[in-house]
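As they're listed, the protein sequences go chains R and W. Sequential numbering from 1 applies to the first sequence in the numbering used here. Sequential numbering from 500 applies to the second sequence in the numbering used here. The structure appears below as structure tokens.
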Amino acid sequence: MNILYDERVDGALPKVDRAALLTELQRQLPDLEILHRREDLKPYECDGLSAYRTTPMLVVLPERIEQVETLLKLCHERGVPVVARGAGTGLSGGALPLEQGILLVMARFNKILEVDPAGRFARVQPGVRNLAISQAAAPYELYYAPDPSSQIACSIGGNVAENAGGVHCLKYGLTVHNLLKVDILTVEGERMTLGSEALDSPGFDLLALFTGSEGMLGVVTEVTVKLLPKPQVAKVLLAAFDSVEKAGRAVGDIIAAGIIPGGLEMMDNLSIRAAEDFIHAGYPVDAEAILLCELDGVEADVHDDCARVSEVLKLAGATEVRLARDEAERVRFWAGRKNAFPAVGRISPDYYCMDGTIPRRELPGVLKGISDLSERFGLRVANVFHAGDGNMHPLILFDANQPGELERAEELGGKILELCVEVGGSITGEHGVGREKINQMCSQFNADELTLFHAVKAAFDPSGLLNPGKNIPTLHRCAEFGRMHIHNGELPFPELERF
Amino acid sequence: MSVSAHDASAELLDQVNQALAARTPLRIQGGGSKAFLGRPVEGVLLDTRAHRGIVSYDPTELVVTARAGTPLVELEAALDEAGQMLPCEPPHFAEGATVGGAIAAGLSGPRRPWSGSVRDFVLGSRIITGQGKHLRFGGEVMKNVAGYDLSRLMAGSFGCLGVLTEVSLKVLPKPRLCSSLRLEIDQDRALLKLAEWGQQPIPISAASHDGQALYLRLEGGEGSVRAACERIGGEALDAGYWNDLREQRLAFFADARPLWRLSLPNDTPVLALPGEQLLDWAGAQRWLKSDADAETIRGIASEVGGHAMCFSAGATASPFQPLAAPLLRYHRQLKAALDPQGIFNPGRMYSEV
């Protein structure tokens with residue numbers, strides 16, 4: 001079932017008179033850069049999920065918040081859908097445009113407004129890149145903790161919209177844990193501040209609700225993030241295992257020893273080989289699984305914890321435990337992991353990255369399930385796993401030029417996500433629902449839960465103009481999806497009429 | 500797991516559905532330990548305490564799930580036995596405090612600036628909604644961005660958006676070593692030092708000043724805690740201080756004047772406040788005993804980018820700091836969406852919500 005916006009199941013979109021809208025925009029916002037020629041719109045037809053493309057009706061590239069304000073007011077009055085976009089690195093199609101909507105590109109808001117070392121915060125515009133914040137804070141020995149793999153390119157506004165994660169979430173949290181304040185524009189173009197420079201604010205925690213809301217509730221115009229002191233040292237242990245089960249158990253053993261690593265990553269044999277071929281990180285290519293365990297903090301503690309973790313890993317049956325001898329080797333160990341996706345990209349014409357989360361204890365069963373599915377669908381799957389926080393990134397290898405392979409990869413991906421839900425996990429840990437996982441939302445939530453999500457949306461955006469079709473599926477879509485997809489012999493949403 | 504575990508969700512759901520049918524407001528309560536906070540609610544009592552017990556706890560997953568009526572002491576004891584803790588250390592304020600009440604009030608203890616708040620540790624929840632449904636949001640995993648984050652929204656919403664029946668919380672191992680210090684320096688100097696230490700990897704996990712001395716707690720591995728203690732100096736302090744601070748049992752809190760809580764940005768200097776003050780959260784939370792009117796106190800807090808909440812029942816008609824107009828409008832719209840008949844703790848936070 002196609003994930004591109006389908007008015008039949010996703011709801012009718014307002015009919016917009018493109019020419020009249022363009023004229024009105026040019027009249028009201030003469031200094032706003034508006035792209036409207038087909039060839040200019042082309043680069044904006046997808047985000048990081050490039051398998052799906054839609055040409056937007058218009059693209060606007062504002063440089064002042066007042067322009068965004070006027071634009072939103074105008075769109076609200078005329079009933080024009082608006083899709084906001086940051087750097088466009090999202091992997092779930094959260095910024096996939098609409099043919100009937102404006103794509104609002106916030107990337108030019110790229111100024112760091114303030115770094116306050118004593119207050120330990122940075123105030124930045126939404127288009128500022130994630131890594132640029134840590135770079136600006138570096139002279140004060142401070143940094144911004146969440147570090148999604150795309151951190152050199154992704155923007156903080158998008159991080160807020162997606163509640164972005166990274167490899168250090170178990171210890172340092174997600175985006176939501178590292179924000180103080182977000183300034184937004186509502187669908188009506190009204191300014192509103194969520195949170196404050198203090199650690200809490202009066203009223204409901206709308207900052208928590210807004211974080212990860214995928215551009216459905218408002219447009220981010222400014223972000224104030226917390227800064228942390230840089231850990232004094234970071235050391236990495238690499239452990240090899242002859243089975244993924246043993247590696248999985250070792251993760252639980254480290255936690256049971258009372259140690260919270262800064263990063264704890266697992267890779268399976270296919271990923272290890274791909275990464276080693278590409279980066280020459282020094283990974284043991286014969287291992288069935290490796291664990292990378294980073295311990296960071298004050299030197300004396302890290303030294304002690306390294307000894308403890310080494311011991312735990314050996315007891316858990318590691319065939320080899322190596323401590324990165326120096327910073328260069330530590331960086332190399334990480335480079336292998338951080339480049340695992342492009343490395344897999346070298347051994348397959350295309351790959352499809354999943355993002356399910358599971359309770360860690362379910363890992364052996366889920367990996368077995370993935371391996372069975374992989375065989376059934378005739379597609380290889382490489383597993384890269386944020387082992388510390390239960391976030392899996394199975395990479396499905398396929399060739400889009402082979403007829404039917406993309407569809408097979410998608411179906412396999414959907415099955416993997418359903419497996420995650422079955423064991424008490426989630427269809428997305430950090431990439432977001434966007435359009436990509438819109439159908440799987442029907443597996444994770446029932447009709448009443450989805451209805452409540454729609455009510456939350458309506459409280460902020462009653463006419464549904466902000467990013468229509470993303471994040472929460474309509475019940476009609478779920479009914480349609482369910483019709484093709486009978487789960488455990490039970491028809492989901494039996495109460496709904498079928499279309 | 501617990502001896503007195505009991506699933507009373509069906510009864511709670513029945514009571515909510517009756518209230519919806521009769522359009523009678525409900526006053527949601529656990530142990531009543533935080534009933535003094537906020538505005539009085541006219542409504543039929545909905546007591547969550549029969550719905551209690553730890554539903555699941557696997558220490559190596561770092562997640563515990565408990566029913567709302569579970570006594571907070573029971574949850575803490577279970578974690579303690581496994582060498583773990585709720586890092587946000589929510590206050591009890593009285594015997595019988597429940598897990599649901601701690602989440603609904605959203606208050607955090609002295610570790611909050613370093614560990615995160617109650618809402619930061621919420622992973623999932625079950626909620627009885629204003630549509631009379633018992634629903635599940637979030638889950639028992641660390642990372643989960645499917646759908647809107649209604650679970651964290653519940654933290655600190657004082658039961659105004661639904662009945663929280665169950666919550667999943669992230670927990671952490673207890674630190675290997677914990678040392679507390681008392682350092683006789685004045686408030687100005689203490690705030691300067693705290694701003695300096697805040698930019699360094701020093702394992703501070705609590706910092707308070709009572710006008711006489713700076714109180715510090717250091718937590719972490721043996722090496723880092725010992726080194727920090729040596730560097731900072733001062734005299735050893737009984738760790739019981741932090742519980743007394745959290746539970747408002749220090750002598751400061753005995754003063755008969757109304758108690759106010761000021762939440763302020765990091766690095767706010769010493770403020771001339773109309774009354775006695777006690778600093779917590781390295782200065783980001785300040786307790787004030789004062790007879791001054793709400794406008795005066797809120798004016799001072801707002802001036803520096805913070806806000807003030809009154810902790811003494813009846814001292815002011817609006818204990819929560821009033822909201823800016825657009826924020827209030829969205830609060831009302833959200834309340835109308837989640838509780839269309841307005842039966843959940845109406846007016847507990849604001850008369851309009």
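Positions of the beta carbon are idealized from the N, C-alpha and C atoms, including for glycine.
Asked: What's the gap between the Cα of R273 of chain R and the Cα of K669 of chain W?; Found: 34 Å
Asked: Determine which residues of the region 830-843 of chain W have a Cβ less than 8 Å from any Cβ of chain R, and write them out in chain order.; Found: H830, Q832, L833, A835, A836, L837
Asked: Once you ignore the five residues that flank G413 of chain R on each side, which residues in its own chain have a CB closer than 7 Å to its CB?; Found: Y352, M354, I396
Asked: Is it true that the region 599-608 of chain W meets the region 531-547 of chain W, where meeting means three or more beta-carbon pairs spaced less than 8 Å apart?; Found: yes
Asked: With distances taken Cα to Cα, identify the nearest neighbour of V666 of chain W among W:Q514, W:T564, W:G846.; Found: W:T564
Asked: Given that F341 of chain R touches chain W, what residues does it touch there, using C-beta distances under 7 Å?; Found: Residues of chain W passing the Cβ test: none, with the nearest at roughly 18 Å.
Asked: Is there contact between the region 654-662 of chain W and the region 245-262 of chain R, where contact requires at least three CB pairs shorter than 8 Å?; Found: no
Asked: If you measure from the beta carbon of E407 of chain R to each beta carbon in chain W, is any gap under 8 Å?; Found: no
Asked: State the start and end residues of the unbroken beta strand (DSSP E) segment that holds L545 of chain W.; Found: 543-546
Asked: Are A164 of chain R and E430 of chain R close, meaning C-beta to C-beta below 8 Å?; Found: yes
Asked: Find the nearest neighbour of A755 of chain W within the set W:S789, W:I796, W:E734, W:P773, judged by alpha-carbon distance.; Found: W:S789
Asked: In terms of alpha-carbon separation, which member of R:G158, R:A409, R:F341, R:L142 lies closest to H393 of chain R?; Found: R:F341
Asked: So, using beta-carbon positions, are L264 of chain R and C293 of chain R closer together than 8 Å?; Found: yes
Asked: What are the boundary residues of the alpha helix (DSSP H) that A565 of chain W is part of?; Found: Run containing A565 of chain W: none in the alpha helix (DSSP H); it sits in the beta strand (DSSP E), 562-566.
Asked: Give every residue of the same chain whose Cβ lies closer than 8 Å to the Cβ of L13 of chain R, excluding the five residues on either side of it in the sequence, and list them in chain order.; Found: Y5, E7, P81, L98, Q100, G101, P468
Asked: In terms of residue numbering, what span does the beta strand (DSSP E) encompassing D296 of chain R cover?; Found: 289-297
Asked: Spatial neighbours of E802 of chain W within its chain, please: CB distance less than 8 Å, with the 5 preceding and 5 following residues excluded, ordered by chain position.; Found: none
Asked: I need the DSSP call for K230 of chain R, collapsed to helix, strand or coil.; Found: coil
Asked: Look at R85 of chain R and M106 of chain R and say whether their C-beta atoms are less than 8 Å apart.; Found: yes
Asked: Could you tell me whether any Cβ in chain W is nearer than 8 Å to the Cβ of V115 of chain R?; Found: no
Asked: Can you tell me the Cβ-Cβ gap for T474 of chain R and G11 of chain R, rounded? I've got them flagged as a contact below 8 Å.; Found: 6 Å
Asked: From the DSSP output, read off the bridge partner residues of L690 of chain W.; Found: In DSSP, L690 of chain W forms no bridge with anything.
Asked: Which value, in whole angstroms, describes the spacing of the CA atoms of V456 of chain R and G537 of chain W?; Found: 24 Å
Asked: If you reduce the DSSP assignment to three classes, tell me which class C306 of chain R lands in.; Found: helix
Asked: Would the beta-carbon of R566 of chain W fall within 8 Å of that of R618 of chain W?; Found: no
Asked: Would V456 of chain R pass as an interface residue toward chain W - the criterion being a Cβ-Cβ separation below 8 Å?; Found: yes
Asked: Mind checking if S762 of chain W is an interface residue toward chain R, Cβ cutoff 8 Å exclusive?; Found: yes
Asked: Please name the residue or residues paired with A239 of chain R in a DSSP beta bridge.; Found: R:L291, R:V321
Asked: I'd like to confirm the pairing. Which residues does DSSP put opposite S759 of chain W in its beta bridges?; Found: What sits at residue 759 of chain W in the sequence shown is Trp, not Ser. According to DSSP, W759 of chain W bridges with W:L787, W:C809.
Asked: Straight-line CA distance for A324 of chain R to V331 of chain R?; Found: 9 Å
Asked: Decide if the region 200-209 of chain R is in contact with the region 103-122 of chain R; the criterion is three or more beta carbon pairs, one per stretch, under 8 Å apart.; Found: no
Asked: Can you pull the chain W residues whose beta carbon is under 7 Å from the beta carbon of M266 of chain R, in chain order?; Found: What M266 of chain R touches in chain W: nothing, since even the nearest Cβ is about 15 Å away.
Asked: Work out the CA separation of F109 of chain R and K437 of chain R for me, nearest whole Å.; Found: 29 Å
Asked: At least one CB of chain W closer than 8 Å to the CB of C154 of chain R: is that the case?; Found: no
Asked: Quick one: give me the first and last residue of the alpha helix (DSSP H) that Y829 of chain W is part of.; Found: 824-837
Asked: Got a sec? Which residues, its chain only, sit under 7 Å from L142 of chain R by beta carbon, not counting five neighbours each side?; Found: P117, R120, L227, L228, P229, K230
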